[in-house]
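>
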Amino acid sequence: MPDNNCNAYPLKEHLEKRLEEISSLAQQNIELLEDENVCLITEFENMRSVMTDIVTTAASFYLNCYLSPYTAKYRDLTICMRNLSERKHGALIVVERKDSLDPLISSNIPIGGTLTHALLESIFYPGNPLHDGAVLIRSDTVVSAANVLPLSSIHVTDKKLGTRHRAAIGLTERCDALVLVVSEETGQASFAISGVLHPVNVSPF
């Protein structure tokens, strides 16, 4: 369960505004639906665009809530995700929560550094020998890099979702870890929890 005390007020305010907007659009379209001479396809497309933004913003809000009980450095993680997303630098970051991950990950290289967005961004810089594996975060420490995660056996239909995404889903199918992913193809940032992948909006508010 997310931490109800998480500090993400700008995201919450943005979410409230967008929900009010979708409510207003829905009411307007209900009234226009009575007029057979009005085609609402464009209006429905606008609603879908707003709903997509609501979903990704909500995921961003709850991401902070999920992270904050397990690391005081959750802001560094969100800054890192934003910077990597803008540069389209692929990344896979595992945040350990209650379950021990030692039995589930392998082939790691110890780091033992304090968690900062600069450290994570340097690890995932293209050409760095460590950038292809997953980084393990425990509390406020970057424990290790170049970790190999179990892949999900589910069939991924979206061709934009590669090995990193299957690894994020696969690990979270087996434990309560939260896994952050950045696609090097699209720059899309996501997080996986309980075997489900959620796209997030990493733009600052």
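In terms of UniProt numbering, the sequence shown opens at residue 1 and continues consecutively. All C-beta atoms, glycine included, are put in the ideal place defined by N, C-alpha and C.
Just verifying my parser: in three-state terms, what is the DSSP assignment at Arg97?
Translated into the one-based positions of the sequence shown, residue 97 becomes position 97. DSSP places Arg97 in the coil class of the three-state scheme, outside both helix and strand.
> Could you work out which residue in Glu45, Thr78, Leu32, Ile41 is closest to Leu11 when comparing CA atoms only?
One-based indexing of the sequence shown puts residue 11 at position 11. With distances taken between Cα atoms, Leu11 lies closest to Thr78.
> Need the endpoints of the beta strand (DSSP E) that Ala189 sits in, please.
On the sequence shown, residue 189 is found 189 positions in, with the first residue counted as 1. Where Ala189 is concerned, the enclosing beta strand (DSSP E) stretches over 189-193.
> Measuring straight from C-alpha to C-alpha, what distance separates Thr114 and Thr71?
By 1-based counting over the sequence shown, the position of residue 114 is 114. By 1-based counting over the sequence shown, the position of residue 71 is 71. One C-alpha to the other measures close to 11 angstroms.
> Under 8 angstroms Cβ to Cβ from Phe44, same chain only, skipping five residues before and after it: list those, please.
Mapped onto the sequence shown, residue 44 falls at position 44. Exclusion of the five residues before and after Phe44 leaves Asn29 as the residues of its chain whose Cβ lies within less than 8 angstroms of its Cβ.
> May I ask which residues mark the beginning and end of the alpha helix (DSSP H) holding Val148?
Counting from 1 along the sequence shown, the entry for residue 148 is found at position 148. Where Val148 is concerned, there is no enclosing alpha helix (DSSP H), given that its DSSP letter is neither H nor E.
> Where does Leu19 sit, in a helix, a strand or coil, going by DSSP?
Position 19 of the sequence shown holds residue 19. The answer is helix: DSSP assigns Leu19 an H, G or I state.
> Where does Pro69 fall in DSSP's three states?
As a first step, residue 69 must be located in the sequence shown, where it is residue number 69. Coil, per DSSP.
> Whose C-beta lies closer than 7 angstroms to the C-beta of Asp176 among residues of the same chain, with five residues either side of it excluded?
The sequence position of residue 176 within the sequence shown is 176, counting from 1. So the qualifying residues of the chain are Arg97, Lys98, Asp99.
> Can you grab the Cα-Cα spacing for the pair Val132 / Ala26, in whole Å?
Locating residue 132 in the sequence shown gives position 132, counting from the first residue. Locating residue 26 in the sequence shown gives position 26, counting from the first residue. Rather than Val, the amino acid found at residue 132 in this sequence is Asp. Computed Cα separation, rounded: 45 angstroms.
> What did DSSP end up calling Leu40 once you bin it into helix, strand or coil?
Within the sequence shown, residue 40 is the residue found at index 40, counting from 1. Three-state result, Leu40: coil.
> With which residues is His14 paired in a DSSP beta bridge?
Sequence index remark: in the sequence shown, residue 14 carries index 14 (1-based). Paired residues: none, contrary to the question.
> Taking the C-alpha atoms as reference points, what is the distance between Val196 and Asn37?
Taking the first residue of the sequence shown as 1, we reach residue 196 at position 196. Taking the first residue of the sequence shown as 1, we reach residue 37 at position 37. Spanning the two alpha carbons is a distance of roughly 42 angstroms.
> Using the three-state DSSP reduction, which class does Ile109 fall into: helix, strand or coil?
Within the sequence shown, the letter at position 109 stands for residue 109. In this structure, Ile109 counts as strand in the three-state DSSP scheme.
> By DSSP, does Thr141 sit in helix, in strand, or in coil?
In the sequence shown, counting from the first residue as 1, residue 141 sits at position 141. Strand.
> Leu136 and Ala145: beta carbons closer than 9 angstroms?
Position 136 of the sequence shown, counting from 1, holds the residue named residue 136. Position 145 of the sequence shown, counting from 1, holds the residue named residue 145. Cβ distance < 9 angstroms, so Leu136 and Ala145 count as in contact.
> With burial defined as no fewer than 16 other Cβ atoms inside 10 Å of the residue's Cβ, what is the status of Ile154: buried or exposed?
Numbered from 1 along the sequence shown, position 154 holds the residue referred to as residue 154. Exposed is the call here.
> Give me, in chain order, the residues of the same chain whose beta-carbon lies closer than 7 angstroms to that of Leu171; leave out the 5 immediate sequence neighbours on both sides.
Taking the sequence shown and counting its residues from 1, the one referred to as residue 171 is at position 171. Counting only Cβ-Cβ distances below 7 angstroms, and skipping sequence neighbours, we find Val94, Leu104, Leu149, Pro150, Ala177, Val179.
> Apart from the five residues on each side of it in sequence, which residues of its chain come closer than 6 angstroms, Cβ to Cβ, to Asn147?
Locating residue 147 in the sequence shown gives position 147, counting from the first residue. Excluding positions up to five away in sequence, the list reads Ile105, Asn108, Gly133, Ala134, Leu136.
> Work out the CA separation of Ser49 and Ala118 for me, nearest whole Å.
Taking the first residue of the sequence shown as 1, we reach residue 118 at position 118. Taking the first residue of the sequence shown as 1, we reach residue 49 at position 49. Approximately 33 angstroms, taken between the alpha carbons.
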